[in-house]
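Residue numbers (full-length UniProt numbering), protein chains in the order written: chain Y, 1 to 459; chain C, 1 to 598.
The structure is reproduced here in structure tokens:
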């Protein structure tokens, strides 16, 4: 695994396994397709089918088997496009991801009519390019790796053991040295005082209370943990019983989730989570993540607290697992554990529903008012170029001869910096999609290399 | 290869120009491989590639020009060999350090039209940035970390340079935390790697005496010094190659040293006391799973085993440097750190996790490199003004682009681009006057430091109170109350080809001061004894801006690690409020502790 050391730190073994096992189909043999293939072989994707448009291949930088050597374990099957075989949905079912780079209208026409698995379609033309994520199903992200997380401390509504422990501290600010008391306890006691007075509970009220506590501290005590408590007072009011909006959206779209492969696992986990939240056990709270941040405290107090949170997290996982077990599908404990730790940050993305899409700039602009007009026009132009559809508003209809030659044309207008960029993005999104980690584009990305502008819009 | 597409894109005239352009690519790693491919396919006339490194297994997940069989081969030459067969460009590879002034004098850099930085360390980035400033050469700086990356075109005199915003230096800890009172696992790892390992196996000399110990407790200072001396005894054990002394090593590190710490009662008033590792035993039971957390017994066993191995290696290798990809050194550091963590009741980590911390590992993937290399190669055509139909742009419109945080979809922009800032008037690098002093080899011996300083003073109207610093070594050569060296010749002072001299006005209470100036010494074979450059050194009002204040006092050692107090870290950071937008973004990247890697 040393070869993959630098990336395992991003998506872990779970992600690496999904990537290695994924069956990926690349439709089209352009430079863009070769670059995408390279970018997926490098991190270890190993099962490829490349569909070429015609028998002889274009002259390309990656000749012969040189690409294969990037990943000796990979199998790359190259097949020629065959309309009879490939117009059938059964041909496509076996793939976890299809990356479409072809500019051949005949092929795209067939692909628009057949049911495809999750797909990315991309294309570059001179300085511009786009990547679009297509699927009839919503895409669920089980590890979104957010940049910042708020610790789930349950100060507002502690479970019995935690409540008991938090209330077991007995110290007088005026007399005792309480520098060993973690801020969770201080915030909790401030919260109790606010409640006792009958004041409305808010972050400011708790902060005010802690400030008041600071004034009472006797000389010789730094009260550093009081400062820390004030700084983290917002954690008291974190509404842990409220199901976050991103999760509500996941539940709403749950019925439309696909049901095979890893998607089945994802669906069972989400369904189980819904049942979990409805159970008496959970008291409408998500499984506890179990980790607590560093804080000023004696090691003993800190360890006691840590043990309490970890014990509760384990119990939650155990109960959650018992729900999952009812599905009769085996899901490894590591997957369940990771899922439980990340429930607060579950995400869903709605891909573009179908490949068959004839965009009109005016229409998109009316739906997405904040999108820059020139980029939307560029995107519609790019898609239309790839699909050889002339804009209905346009007076210059392409003539037939132009259409038949344009496949060659677009390949001769290749510009490597933009190909490198778009292929990098397409592969980056492929990894996110296949691992169900990190949030992929929702759902179309367009880049203009002349103005160096880009935008992501929902089609 | 003769690709017709690039001609169509840039136009016939620009294509001819492109074919005559000579560019320098510094780094043949993650971004470097991708960039080299793009530059070759774009048919640049001549591409010179410099990289000091050799290929490692962990490079193969992204550096696509290398294969399994290339491991341990030099990166630059291997990359060029791998792409030669499709190249229409002249390719030249160097397996060298770009900071080697003998091999790469300033005049060598001046032959290029553009420099691409595809580097993995701050020191070399700063060096190339400074060189680009000397020569007024455009520089395309780039870096990635995980899913994120950036490019920054640097046009000397017109846009901000790499050092216009303060870059984060590696996190540092007070010596006492590391040596006496660790409170986090990382303290134990720093102890094991930077102190224990380097004392025992590397050629490390004794700890500097002027180090900030972070404590004023005389007992503790005494203890720290004594411990250092005792480690030399351990070093002797290690050198003896006698396996039977391994239990003694463990006893010394984890029992007697801890007992000595315990005897300093002041340390433990507000802290939990460590527990010495009494009655340990060594058995043969070894854990081989690097991603699980080992038991104490497994740590001790592995520590004993790997120490034995390293002792044997030391006999032939003479000295061993810590290398995160050298399993023996990693295992030693990880197990020593973990046993220490047990002793101090701190969390224990898996080898996989220790590797990340000890090796400063920044995640690196092929896809981000491809994205950044694409942006960088496109930007190069803008910088060189080789794009048909696109009028020359204001340098400030040459963007910096960051790929968005992987999980951040709140922004509609996957890539963000903002205008580049103008040079920071307080920048320690680009705000000062620069020039090349040429002198003959014989002049090095005949001219004294005092004569050189006088010549500079006269030529640029500096006052009597100036300081002269050798920037290459951060040595003070002279100032108003230090004139001991003025009678020495330049060669006595080890000044020569590639030396950098910084002259600064040191007057107090003056309304107007002269700006600092930096001079590069270049040996001149044409017979000029000494020639000072025709440059203008401006004056400034110190109230408004004072380059001196911002003069960095960082000392970078080999690993870029300094042990100083954490609290000093942010003192010189530019105020966010003052910074223009791109600068603020850079600062933000810094805050996320992204060290700019390949």
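Built from N, CA and C at the ideal position, the CB exists for glycine as well.
Since we're looking at a predicted model, the values are computed, not measured.
Between residue i and chain C, is any beta-carbon pair separated by less than 9 Å?
i	result
residue 342 (chain Y)	no
residue 392 (chain Y)	Note that residue 392 (chain Y) scores 42 on pLDDT, short of 50, meaning its location in the model is unreliable; the coordinates nonetheless yield the value given after this. Cβ-Cβ to chain C under 9 Å: no for residue 392 (chain Y).
residue 294 (chain Y)	yes
residue 47 (chain Y)	no
residue 183 (chain Y)	no
residue 168 (chain Y)	no
residue 39 (chain Y)	yes
residue 415 (chain Y)	yes
residue 192 (chain Y)	no
residue 399 (chain Y)	With a pLDDT of 43 at residue 399 (chain Y), under the threshold of 50, the modelled position of this residue cannot be trusted; read the value that follows with caution. Not one chain C Cβ lies under 9 Å of residue 399 (chain Y).
residue 155 (chain Y)	no
When the Cα atoms are used, what is the spatial distance from residue i to residue j?
i	j	result
residue 384 (chain Y)	residue 366 (chain Y)	19 Å
residue 268 (chain C)	residue 231 (chain Y)	27 Å
residue 546 (chain Y)	residue 281 (chain C)	Outside the modelled stretch of chain Y, which goes from 1 to 459, sits residue 546 (chain Y), for which no answer is possible.
residue 127 (chain Y)	residue 113 (chain C)	23 Å
residue 72 (chain Y)	residue 419 (chain C)	44 Å
residue 309 (chain Y)	residue 233 (chain Y)	19 Å
residue 213 (chain Y)	residue 151 (chain Y)	24 Å
residue 30 (chain Y)	residue 96 (chain C)	37 Å
residue 287 (chain Y)	residue 250 (chain Y)	16 Å
residue 337 (chain Y)	residue 289 (chain Y)	9 Å
residue 37 (chain C)	residue 432 (chain C)	36 Å
residue 422 (chain Y)	residue 122 (chain Y)	8 Å
residue 350 (chain Y)	residue 258 (chain Y)	13 Å
residue 208 (chain Y)	residue 161 (chain C)	46 Å
residue 19 (chain C)	residue 131 (chain C)	25 Å
residue 178 (chain C)	residue 189 (chain C)	9 Å
residue 130 (chain Y)	residue 421 (chain C)	29 Å
residue 86 (chain C)	residue 306 (chain C)	46 Å
residue 125 (chain Y)	residue 456 (chain Y)	18 Å
residue 333 (chain C)	residue 322 (chain C)	9 Å
residue 263 (chain Y)	residue 370 (chain C)	29 Å
Return no unless some Cβ of chain Y is closer than 9 Å to the Cβ of residue i.
i	result
residue 67 (chain C)	yes
residue 64 (chain C)	yes
residue 121 (chain C)	no
residue 115 (chain C)	no
residue 464 (chain C)	no
residue 541 (chain C)	no
residue 147 (chain C)	yes
residue 383 (chain C)	no
residue 258 (chain C)	no
residue 603 (chain C)	An answer regarding residue 603 (chain C) cannot be provided, because it is not within the stretch 1 to 598 covered by chain C.
residue 22 (chain C)	no
Quick one: residues in its chain with C-beta nearer than 6 Å to the C-beta of residue i, no 5 flanking neighbours on either side, listed in chain order?
i	result
residue 296 (chain C)	342
residue 205 (chain Y)	194, 199
residue 535 (chain C)	433, 435
residue 229 (chain Y)	183, 186, 187, 210
Which residues in the same chain have their Cβ closer than 7 Å to the Cβ of residue i, if we skip the five residues on either side of it in sequence?
i	result
residue 49 (chain Y)	25, 77, 79
residue 12 (chain C)	none
residue 359 (chain C)	324
residue 599 (chain C)	This structure cannot speak to residue 599 (chain C), because chain C is shown only from 1 to 598.
Residues, ordered as in the chain, of the segment 351-374 of chain C that lie near chain Y by beta-carbon distance below 9 Å: Going along the segment 351-374 of chain C in chain order, one finds 352, 355, 356, 361, 362, 363, 364, 365, 366, 367, 368, 369, 370, 371, 372, 373, 374 with a Cβ nearer than 9 Å to chain Y.
- Query: Which full runs of the beta strand (DSSP E) of 3+ residues lie inside the segment 94-155 of chain Y, going along the chain?
  - Reply: Counting whole runs of 3 or more residues, the segment 94-155 of chain Y contains the beta strand (DSSP E) stretches 97-100, 119-125, 128-134, 139-141.
Length at least 3, wholly inside the segment 475-531 of chain C: the beta strand (DSSP E) runs in chain order
With a minimum length of 3 residues, the continuous beta strand (DSSP E) runs that stay inside the segment 475-531 of chain C are 475-478, 500-505, 517-523.
Item checked: Against chain Y: residues of the segment 237-253 of chain C by CB proximity under 9 Å -> Here the close residues number zero.
Item to check | Complete runs of the alpha helix (DSSP H) confined to the segment 244-311 of chain C [at least 4 residues] | outcome: Complete alpha helix (DSSP H) runs here, min 4: 246-251, 257-262.
Next on the checklist: By the 8 Å beta-carbon criterion, what residues does the segment 421-453 of chain Y contribute toward chain C?
Outcome noted: Going along the segment 421-453 of chain Y in chain order, one finds 421, 422, 423, 424, 425, 427, 428, 431, 432, 438, 439, 441, 442, 445, 447, 449, 450, 452, 453 with a Cβ nearer than 8 Å to chain C.
* At a Cβ cut of 7 Å, what residues of the segment 5-21 of chain Y count as close to chain C, listed as they run along the chain? -> Those residues of the segment 5-21 of chain Y that come within reach of chain C (Cβ to Cβ, closer than 7 Å) are 5, 6, 7, 9, 10.
Chain Y contacts made by the segment 334-347 of chain C, where a contact means CB separation under 8 Å: From the segment 334-347 of chain C, only 345 have a Cβ closer than 8 Å to chain Y.
Segments of 4+ residues assigned as alpha helix (DSSP H) that fall wholly inside the segment 80-112 of chain C:
Along the segment 80-112 of chain C, the alpha helix (DSSP H) occurs as fully enclosed runs of 4 or more residues at 106-109, listed in sequence order.
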